[in-house]
Amino acid sequence: MKCHPTQLEMGMASKLGVKHRLVLGATLLIGLAALYWVLRETGALSTLTNRQALREWVDQLGFWGPLAIIAMMIAAIVMSPIPSGPIALVAGASYGPVWGTVYVVIGAEAGALIAFGLARLFGYEAMQRWARVRPILDWLGKDRSQTGLMIVIFASRLVPFISFDAVSYAAGLTPLAFWRFLIATLAGVIPTAYLIVMFGEVLITADSRGLTVALILISGITLLPILARLVLAWHRKRKNSSN
């Protein structure tokens, strides 16, 4: 049994002809590029990469601070050049591990879904027309492959050094069902976001060496479930071979 994109997703794509999608896609890219240029020229981008300055700015926003965190996380996912790490750290330093995690998860999940939707709308049909890729997409559309894709998405969310943005866009080019992507991303982003946010205040005040060490520790913690699964599989295989 195959699990291709839902009829709603394909219906939205079919309503837009190839020409219209190209125009819309080009307009979107130009708009994102223009926004990035404005952020860079106005100095806003430098603020986003300066953890201390970003924290001061967020604290000054008061009630609007959490909304700013969510909006910046969405922008960081959709617009890959914008780093999301400093935003998550500031969320932890300003709002604590619980609420900071909530705001980061909402923003990251929304940004991932937008990136997935954009890739699905503008790129999936083009991938289907590529003869060499079509058999792979058909294979990925099977139920068993869909489960495998969910595991890959989930595992990638647990590793901070794997591009969150690239995975979101790449997933949209596959037949992975929207709801599967949503669940896999949410399940993976919650523990990673919590770990980063929890150490937010420490990381903001740390020097570059301390920041590197902390990120390595976070990566090691998030990789523990994967390593445990690999060790368990190896142990079972060895036990079966000895019988």
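In the UniProt record's numbering, the protein residues as written are 1 to 243. Just so you know, even glycine gets a beta-carbon here, dropped at the ideal spot from N, CA and C. As the structure is a prediction and not an experimental result, all values here were calculated from the model.
Linking residue 126 to residue 189 through their CA atoms gives a straight-line distance of about 29 Å.
With respect to the 8 Å criterion, residue 153 and residue 181 are classified as neighbours on the basis of their beta carbons. When the beta-carbon positions are compared, residue 90 and residue 58 come within less than 8 Å of each other. Each residue's CA atom was taken as its position, placing residue 168 and residue 56 some 30 Å apart. In this structure, the CA atom of residue 74 is about 6 Å from the CA atom of residue 108.
Non-local beta-carbon contacts of residue 54 in its own chain, meaning distances under 8 Å to residues more than five positions away in sequence, involve 47, 48, 86, 87 and 90 in chain order. Closest in C-alpha terms to residue 119, from the list 172, 106 and 155, comes 172. By the neighbour-count definition (other C-beta atoms within 10 Å, threshold 16), residue 147 is an exposed residue.
Linking residue 149 to residue 159 through their CA atoms gives a straight-line distance of about 16 Å.
Rounded to whole angstroms, residue 175 and residue 142 show a C-alpha spacing of 9 Å.
Under the 10 Å beta carbon count, residue 122 is surrounded by 16 or more other beta carbons and is classified as buried. Rounded to whole angstroms, the separation of the alpha carbons of residue 145 and residue 35 is 38 Å.
Here residue 77 is buried, its C-beta having at least 16 other C-beta atoms within 10 Å.
Cβ neighbours of residue 178 within its own chain (closer than 6 Å, five residues either side excluded): none. DSSP places residue 62 in no alpha helix (DSSP H); its state is neither H nor E. Note that the C-beta distance between residue 101 and residue 193 is below 8 Å. Pairing residue 110 with residue 70, the inter-Cα distance amounts to about 9 Å.
In the assembly as shown, residue 196 is a buried residue. Its beta-carbon has 16 or more other beta-carbons within 10 Å.
Here residue 200 is buried: its Cβ has 16 or more other Cβ atoms, across all protein chains shown, within 10 Å.
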